[in-house]
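What follows is a short report on a single structure.
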Amino acid sequence: MASLYINSWWRSTGFGEKLRFARDRLMENFLWTVGFGYEPKFSSYRRMATKINAFITTIDDVYDVYGTLDELQLFTDAIER
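Its first residue numbered 0, the sequence shown is counted upward by one per residue in the numbering used here.
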């Protein structure tokens, strides 16, 4: 059930359409969090950790695939603020 919630959340962000170069690793991120907190009482942890991991993966893809060195310096400065 949580994976359906996460999938719905990811679609609502629109990152899949806006950032086509980014890897779609949502289920991998979710399964990774299940490995750390598999008990039912950790459901909110799994949701939040999956969201954070999805953002980290997307930012990593921006650095790896999309940006030029100058653009990435500006992007890094914006994130640090």
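Where is the CB? At the ideal position from N, CA and C, for every residue including glycine.
> Just how far apart, CA to CA, sit Ile78 and Ile55?
Replying inline: 12 Å
>> When you compare the CB positions of Met26 and Ser2, do they come within less than 8 Å of one another, or not?
In response: yes
>> Using 8 Å as the threshold, is the C-beta distance between Gly13 and Asp23 below it?
In response: no
> Beta carbon of Asp60, beta carbon of Phe20: below 8 Å?
Replying inline: yes
>> So for Arg19, helix, strand or coil by DSSP?
In response: coil
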